[in-house]
Each structure stands twice: as structure tokens, then as C-alpha cells.
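Student: Residues -17 to -1, 1 to 270 in mature numbering (1 follows the signal peptide of the UniProt record, and there is no 0) are what the sequence shown spells out, letter by letter.
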Amino acid sequence: MRSVVWSLMTVAAVALAGCSNSSNSSSTPSTDGAAAPAPAAQASNITGTVSIRGDIKPSAQDSLDIKLVDVTAQGSAPLATKTIAPATTFPQQFELDFNSSNVVPNDMYVVEATLTDGDRHYTMPLQAPVLTQGHPTSNVAIELMPSQTPGEKLLAAFQGVQKQIGGMKRSSGTKLEPNASRAWQVFRDGLEVKFIRELVDYGDKGFTSTDYAYKDGKPWVVQQQKKADQSSKPTSVDTAGWGDDGSLVLKTHEAGGNTETLSDSDAANLQQQAKDILNMATGGKGK
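1) Report the rounded CA-to-CA distance for residue 254 versus residue 129, giving the unit in angstroms.
2) For residue 114 and residue 120, what's the separation of their Cα atoms in angstroms?
3) Applying the criterion that 16 or more other CB atoms from any shown protein chain within 10 Å of the CB defines a buried residue, is residue 234 buried or exposed?
4) Would you kindly report the start and end of the unbroken beta strand (DSSP E) that includes residue 254?
5) Taking the alpha carbon of residue 227 as the reference point, which residue from 192, 221, 134 has its own alpha carbon closest?
6) I'd like to know whether the C-beta atoms of residue 64 and residue 91 end up nearer to each other than 8 Å.
7) Take residue 219 and list the residues in its own chain whose beta-carbon comes closer than 7 Å to its own, dropping the five residues that flank it on each side.
8) Skipping 5 residues on each side, what residues in its chain have a beta carbon closer than 7 Å to that of residue 103?
9) Between which two residues does the beta strand (DSSP E) holding residue 124 run?
10) Whole beta strand (DSSP E) runs in the stretch 182 to 247 with 3 or more residues, listed along the chain?
11) Are the stretch 94 to 112 and the stretch 175 to 195 in contact at 8 Å, needing three or more beta carbon pairs?
12) When you compare each of 232, 207, 183 to residue 213 by their alpha carbons, which one comes out closest?
13) Who does residue 112 pair with in a DSSP beta bridge?
14) Is it true that the CB of residue 264 sits closer than 8 Å to the CB of residue 167?
15) Which whole runs of the alpha helix (DSSP H) in the stretch 23 to 55 are 4 residues long or more, in chain order?
16) Within 10 angstroms of its Cβ, does residue 60 collect 16 or more other Cβ (buried), or is it exposed?
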């Protein structure tokens, strides 16, 4: 009886050993020597194109700045940056190289592009997500569109005030000079002078119609039309405007269908005219 029991225990031990060997063999490389597949390599560059909306041709002084940014970690340094200057041909191809080990898989990354051409800036109306969360790393299409210049914003604000003067309190005056006849209307919002419209007849030397807008008692925007006489179309239109810090941000001279930059001296002359008519129309009170 003892010999039979021993034989059964021996059989069981052998069976368990066989199972153990079978289990271990499943975790070892295959007998043909093939290695397990390696994880996919992480991208180390972003490629794409930048285009501009509309029929716009930047100048030879423009600069295109492109960068790869982690928008999840706000304030962190870009993973890659590139500046193309000048960038006069669009669509413009780009490639951003970066260290893949710096990429956080769960963060969101975008490509940001800005084109600067003098006072004009071109920005992205839509974000361009890339790299993680299933977003592309190649053929990234970026479209830029022009933003208003400081001068254009000032002109739009001035035109808004022009449309509001009908609802302001109005007073008028005239003055006869040796070589000119002047007439003006003053428009106030409460006690503050916001706008003055002046007409000056120089006889055979021409006629001017000038709109002066003021902010905090100082010249803000001046637009002057020069004509052969009061009923004629303008031969030129000069516009000058100043920012809150007093800097000249709007300066245009329009004549013959062309627009050029108004000289600083002509802008200063318009500013002085604005001060003179305000002093004249308010009796030196400035309001």
C-alpha cells in the first residue's frame, strides 16, 4: 500500500512540473528568434504651410514667426521656434524640429504663426492643434488674416464719432479774415467739446472742410478736405490721429486715387490747427 501512494505522489509532482514549464514557455521569445515589435517612434518635427487669406502681398520688410507651443502648460517656453524674413512668397512651407523627449503625451500642442509687416499684423483666426491627442504632425495648414493697424482702429473710432454728432449739443460761429472767411460748428457731449467742423473759403485759392475730433480737451483726429471751391469734389484728403500717449498713429494723404503717408510736419500742422480752432471757437476756454 505504501508503495502505491508514493507512486501517485510522484506522478502528481511530475505533472505540476510540466504545467510550470508550459506556463514559463509562453513568456519567452519565440523559437524562431524574432524580437517583439518595438513601440512607434515619437515625432520630432512638424511640417506644414502658411497661407494668407485674400489677395495680399506682404512687403520685403515682413517677418513670419512660427512656434510650437504647449497650451496646457501655459507660460512654458515653446518647444520650437522659427523666423522667416522676409517671407514674401505664400503659401510658405515650414518645418519645426524639436526634442521628442520634451513632449507630454496628455498635453495639447498648437502651432502659432504671426506675420508682421510694418504696422500690419497677420494672425490666425483658428488654432492649429498638432502632435498629440490624434492631431497631425505633417501637412499642417495654417491661414493668416490681417488685423487692423492702430491707425485703422483710430480712423474707425473717429468715423463712429462723426456719425454721432447729430445727437450732440451744437453751437456755431463765423470770422471774416483778410484772406479767408471762416465758419464753424462746435459739438459738445455735456460740457466737453467732442467735435468741431470748420469751413474756410480762401476765394480763388481754394476751400477747406475740416473735421476736428477731441479727447480730454486735446486734438485726437483731424481730417481735412481740400477743394477748388465749396461745391467741388475734394482734390486731397489729409488725416492725422494721435494715441493716448500723444504718438502719431494715423497719417494718410489721399490724392488722385492714391494713398500715401502724411508727413510728420503736415500732421503737426493739422494738430496746431485743431488747437487754434478750439481756442477760437470756445473763446480761449477750451470747452
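All residues carry an ideal CB built from backbone N, CA and C; glycine is no exception.
Tutor: Looking at the atomic coordinates:
1) Translated into positions along the sequence shown, residue 254 becomes position 271. Translated into positions along the sequence shown, residue 129 becomes position 146. About 29 Å.
2) One-based indexing of the sequence shown puts residue 114 at position 131. One-based indexing of the sequence shown puts residue 120 at position 137. Using only the alpha carbons, I get a separation of about 5 Å.
3) In the sequence shown, the residue the question calls residue 234 occupies position 251. Per the 10 Å Cβ criterion, buried.
4) The sequence position of residue 254 within the sequence shown is 271, counting from 1. No beta strand (DSSP E) contains residue 254, which is instead part of the alpha helix (DSSP H) from 247 to 264.
5) Numbered from 1 along the sequence shown, position 244 holds the residue referred to as residue 227. For residue 227, the nearest C-alpha among the options comes from 134.
6) As a position in the sequence shown, residue 64 is number 81, starting the count at 1. As a position in the sequence shown, residue 91 is number 108, starting the count at 1. No, the pair does not count as a contact, with Cβ atoms beyond the cut-off.
7) One-based indexing of the sequence shown puts residue 219 at position 236. These residues qualify, in order along the chain: 209, 236, 237, 238.
8) Taking the sequence shown and counting its residues from 1, one reaches residue 103 at position 120. The answer, listed in chain order, is 129, 132.
9) Along the sequence shown, one-based indexing puts residue 124 at 141. Taken as a continuous stretch (DSSP letters only), the beta strand (DSSP E) holding residue 124 covers 123 to 129.
10) 190 to 198, 201 to 210, 219 to 225, 231 to 238, 241 to 244
11) no
12) Taking the sequence shown and counting its residues from 1, the one referred to as residue 213 is at position 230. The shortest Cα separation from residue 213 among 232, 207, 183 belongs to 183.
13) One-based indexing of the sequence shown puts residue 112 at position 129. Per DSSP, 93.
14) Position 184 of the sequence shown, counting from 1, holds the residue named residue 167. Position 281 of the sequence shown, counting from 1, holds the residue named residue 264. Taking 8 Å as the Cβ cut-off, residue 167 and residue 264 qualify as a contacting pair.
15) none
16) Stepping through the sequence shown from its first residue, residue 60 is reached at position 77. When all chains shown are included, residue 60 counts as exposed.
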